[in-house]
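Residue numbers (the numbering used here): 2 to 294. Take a look at the structure below.
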């Protein structure tokens, strides 16, 4: 009864969430069952958009690309971030001081702070086939045969985007894991040292085990981010060349704004939303099960 008075302060946030999230979501789901160009009255077509969607090769290709981007944005940064955080915390911090560890941590996190458009433009310059820094460095080192049209060749475009996304995403898990490492009791490491445990054994048995909550948070958020990826693809490749880097969010954007097929674009967005919700629920249940065991 005493806490009911605080409920009134939740009303602005609830109303804002309904206006910004719930209402657009309901409208998107409704429009996905219609044929609409964005002007005039939508015409109800039932499941026609979904039937067309699941028979669309570009739709399935976009989800195939997402599987690789999950590897680049969630799996690889989580593994590398965990190792880097352990090295910064357990080696750099102890031998060179916490200040150096903090500087390096900030350096890894810098790509997360920069605007997506800025990082995309910079990497576009670096990977440009004519005047890009990467090809120039390869030519200067006598490895000109390795110079490629990194973003313009369908063979290399997706892997180039994956490399950029690993660079972009790495700082987030490093910061999260270093934060988790600070709450581990140092006596656990001291006891392991007295028992003659190696660095790898301490890392595997203590570090990984103790920051399991942060691991789940990082995996959930980075996986969802990879499913929603749009800005980097838009700036770097616009889904090309030949749809080699097409992803669901950009596929929906093309149908919304370039082809004026709003109903079809809404169907793509609805399927993507359902997939994100399902994955989030699965991750949360796995986390709860792990916490209870």
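Every residue, glycine too, gets a C-beta built ideally from N, C-alpha and C. Since this is a predicted model, take the numbers as computed values, not measurements.
Below 8 Å on the Cβ atoms is my contact criterion, and I expect residue i with residue j to pass it. Report the Cβ-Cβ distance as a whole number of Å.
i	j	result
residue 175	residue 92	The Cβ separation is near 14 Å, so there is no contact.
residue 30	residue 271	5 Å
residue 207	residue 190	6 Å
residue 167	residue 77	5 Å
residue 263	residue 39	5 Å
residue 130	residue 94	Contact doesn't hold; Cβ gap of about 42 Å is too wide.
So who's on the other strand from residue i, going by DSSP bridges?
i	result
residue 168	Answer is none; residue 168 lacks a bridge partner.
residue 35	45
Would you say residue i and residue j are within 8 Å of each other, going by their C-beta atoms?
i	j	result
residue 253	residue 159	no
residue 219	residue 284	no
residue 127	residue 118	no
residue 32	residue 267	yes
residue 54	residue 185	no
residue 52	residue 45	no
residue 232	residue 82	no
residue 106	residue 179	yes
By alpha-carbon positions, which one of the options ends up nearest to residue i?
i	options	result
residue 145	136, 153 and 151	136
residue 156	218, 117, 243 and 52	243
residue 66	53, 102, 163 and 151	163
residue 279	224, 151 and 240	224
residue 68	262, 228 and 285	228
residue 256	128, 195, 60 and 108	60
residue 57	27, 265, 13 and 7	265
DSSP three-state label for residue i, please.
i	result
residue 230	coil
residue 7	helix
residue 157	coil
residue 194	helix
residue 99	helix
residue 183	coil
residue 91	helix
residue 152	coil
For residue i and chain D, any beta-carbon pair shorter than 8 Å?
i	result
residue 227	Absent here is chain D; the protein component of the structure consists of one chain.
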